[in-house]
Amino acid sequence: MPRTVSALLIGMLFGAGLAVSGMMNPAKVLGFLDITGDWDPTLAFVMGGALIVALPATLLARRRARPVLAESFDLPGKRTIDLPLIAGSALFGLGWGLAGFCPGPAFAALSTGLWQVGLFVLAMLTGMLAFRLLRAN
Amino acid sequence: MSDFTPLSGLAGGIMIGAAAALLLLLNGRIAGISGIAGGIMNNAGRERLWRIAFVVGLVVGPLAVAAVTGAMPQVEIEAQWPWLVAAGLLVGFGTRLGSGCTSGHGVCGLARLSPRSLAATATFMIVAAATVYVVRHVIG
């Protein structure tokens, strides 16, 4: 129960951060990706701001045996740069460039009630499900 | 640079970084949105419940910001609906195949100094920028 409540509150903080940063807005994200156009460097400041906090937190986590509310840390263990990583990231980049939505901002933008956001999220979840079904076979 | 907003960008970024830090230190999990959302399908019980709660929080967070500021954050969508569907499918499938997105690789992975996340972030940034270039300056 405490883990679920903390996840809800942390999700809210994440969503609020996306809203404050402007990254919930695909037009602003595309403004960053359009480097030869009317370039808007804001996204770099968002990532920079996030890293200023996340970097020391990661170092702190390494010195702890376990997290506060769970039995253990569940962190990615894979180290090799392989084809699925690069191919998947390329497909993601293509979709990100087409619409300006990545997963976090897409969920956060559901708060606007715009049907276009609902459609994107539905397609995104379908893509995730398709990957799951393909891998199972 | 018409819409450059470095201060609100930095402030929002710090909030996102704080969320990633808290999820790691409290729950011991990586705040990668594609992984959290994809994991809703792959898990059951408590492991599924916290993921659902996090995604609900993502949707509620901007509403809380709107309640404080008195205005809903702007969302301008340029893409027509067939492109939104194609983009959604690519983002969903690609982030699962590539084990992460802007948050999981771009924030959490880079904070962990992971070479995999650096390679992934460079790949999706370059491909996305190239896509926007083609859409806006070659076709458009």
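Chains as they are written, first to last, in our numbering: chain A, 6 to 142; chain B, 14 to 153.
For each residue, glycine too, the CB sits at the ideal point set by N, CA and C.
The model shown is predicted, which means the values in this text are computed figures rather than measured ones.
Task: chain A contact residues for residue 33 of chain B, given Cβ-Cβ distances below 8 Å - done: In the second sequence, counting from the first residue as 1, residue 33 of chain B sits at position 20. Within chain A, the residues near residue 33 of chain B are 19, 55, 58, 59, 62.
Open item on the list: Please tell me whether residue 47 of chain A and residue 75 of chain B are closer than 8 Å, where the distance is taken between their beta carbons.
Closed with: Position 42 of the first sequence, counted from the start, is the residue given in the question as residue 47 of chain A. Position 62 of the second sequence, counted from the start, is the residue given in the question as residue 75 of chain B. Cβ atoms of residue 47 of chain A and residue 75 of chain B: not closer than 8 Å.
Open item on the list: Taking a contact to mean a Cβ-Cβ separation below 8 Å, would you say residue 79 of chain B touches residue 85 of chain B in this structure?
Closed with: What you label residue 79 of chain B is simply residue 66 of the second sequence in a count that begins at 1. What you label residue 85 of chain B is simply residue 72 of the second sequence in a count that begins at 1. In this structure, residue 85 of chain B lies closer than 8 Å to residue 79 of chain B by Cβ.
Open item on the list: Classify residue 83 of chain A: buried if its beta carbon has 16 or more other beta carbons within 10 angstroms, exposed otherwise.
Closed with: Residue numbering aside, residue 83 of chain A sits at position 78 when the first sequence is read from its first letter. Residue 83 of chain A is exposed by the Cβ-count criterion.
Open item on the list: Using a Cβ-Cβ cutoff of less than 8 Å, which residues in the same chain neighbour residue 126 of chain B once the five nearest sequence positions on both sides are dropped?
Closed with: Taking the first residue of the second sequence as 1, we reach residue 126 of chain B at position 113. None.
- [ ] Using a Cβ-Cβ cut-off of less than 9 Å, give me the residues of the segment 71-94 of chain A that come near chain B, in sequence order.
- [x] When CB distances to chain B are screened at a threshold of 9 Å, the residues of the segment 71-94 of chain A falling below it are 71, 72, 73, 74, 75, 76, 77, 78, 79, 80, 81, 83, 84, 85, 86, 87, 89, 90, 91, 92, 93, 94, in chain order.
Task: Integer Cβ distance of residue 128 of chain A from residue 110 of chain B, believed to fall under 8 Å - done: For the purposes of this step, residue 128 of chain A is identified with residue 123 of the first sequence, where counting begins at 1. For the purposes of this step, residue 110 of chain B is identified with residue 97 of the second sequence, where counting begins at 1. Your pair residue 128 of chain A and residue 110 of chain B does not check out as a contact, with CB atoms roughly 16 Å apart and the cut at 8 Å.
- [ ] Could you tell me whether the Cβ atoms of residue 51 of chain A and residue 26 of chain A are closer together than 8 Å?
- [x] Counting from 1 along the first sequence, the entry for residue 51 of chain A is found at position 46. Counting from 1 along the first sequence, the entry for residue 26 of chain A is found at position 21. Note that the C-beta distance between residue 51 of chain A and residue 26 of chain A is below 8 Å.
TODO: Check the Cβ of residue 77 of chain B against every Cβ in chain A and list those closer than 7 Å, keeping chain order.
DONE: Taking the second sequence and counting its residues from 1, the one referred to as residue 77 of chain B is at position 64. In chain order: 17, 21.
Task: Interface residues of chain B facing residue 68 of chain A [CB-CB closer than 9 Å] - done: The residue you call residue 68 of chain A lines up with position 63 of the first sequence. Correct list: empty, because the minimum Cβ distance to chain B is about 11 Å.
Open item on the list: Quick check: the segment 43-57 of chain B against the segment 35-42 of chain A, are at least 3 beta-carbon pairs closer than 8 Å?
Closed with: Touching, no, given that fewer than three Cβ pairs across the two stretches are closer than 8 Å.
Open item on the list: Check whether chain A comes within 8 Å of residue 84 of chain B, counting only Cβ atoms and requiring the distance to be less than that.
Closed with: Here residue 84 of chain B refers to the residue found at position 71 of the second sequence. False, the Cβ-Cβ gap to chain A never drops below 8 Å.
- [ ] Please state if the CB of residue 86 of chain A and the CB of residue 7 of chain B are separated by a distance shorter than 8 Å.
- [x] Missing from the structure shown is residue 7 of chain B; chain B here goes from 14 to 153 and no further.
Task: Beta-carbon proximity of residue 62 of chain A to residue 38 of chain B, cut-off 8 Å - done: Here the question's residue 62 of chain A lines up with position 57 in the first sequence. Here the question's residue 38 of chain B lines up with position 25 in the second sequence. Yes, Cβ-Cβ distance for residue 62 of chain A and residue 38 of chain B is below 8 Å.
Open item on the list: Let me see if you follow: with CB-CB separation under 8 Å, is residue 30 of chain A close to chain B or not?
Closed with: What you label residue 30 of chain A is simply residue 25 of the first sequence in a count that begins at 1. True, the Cβ-Cβ gap to chain B drops below 8 Å.
Open item on the list: So with CB distances below 7 Å, who are the chain B contacts of residue 114 of chain A?
Closed with: Position 109 of the first sequence holds residue 114 of chain A. Ordered by position in chain B, the residues that pass the 7 Å Cβ test against residue 114 of chain A are 88.
Task: Listed by chain order, chain B residues near residue 141 of chain A by CB distance under 9 Å - done: Against the first sequence, residue 141 of chain A aligns to sequence position 136. Residues of chain B with a Cβ closer than 9 Å to the Cβ of residue 141 of chain A do not exist; the shortest Cβ-Cβ separation is about 10 Å.
Task: CB contact check: residue 98 of chain B to chain A, cutoff 8 Å - done: Residue numbering aside, residue 98 of chain B sits at position 85 when the second sequence is read from its first letter. Taking 8 Å as the CB threshold, residue 98 of chain B lines the interface with chain A.
Open item on the list: Considering Cα atoms alone, identify which of B:123, B:17, B:72, B:145 is closest to residue 100 of chain A.
Closed with: Numbered from its first residue, the first sequence carries residue 100 of chain A at position 95. If you compare the alpha carbons of B:123, B:17, B:72, B:145 with that of residue 100 of chain A, the shortest gap goes to B:145.
Open item on the list: Which residues of the segment 44-72 of chain B have a Cβ closer than 8 Å to any Cβ of chain A? Give them in chain order.
Closed with: Flagged, chain order: 44, 46, 47, 50, 51, 54, 55, 59, 62, 63, 64, 66, 67, 68, 69, 70, 71, 72.
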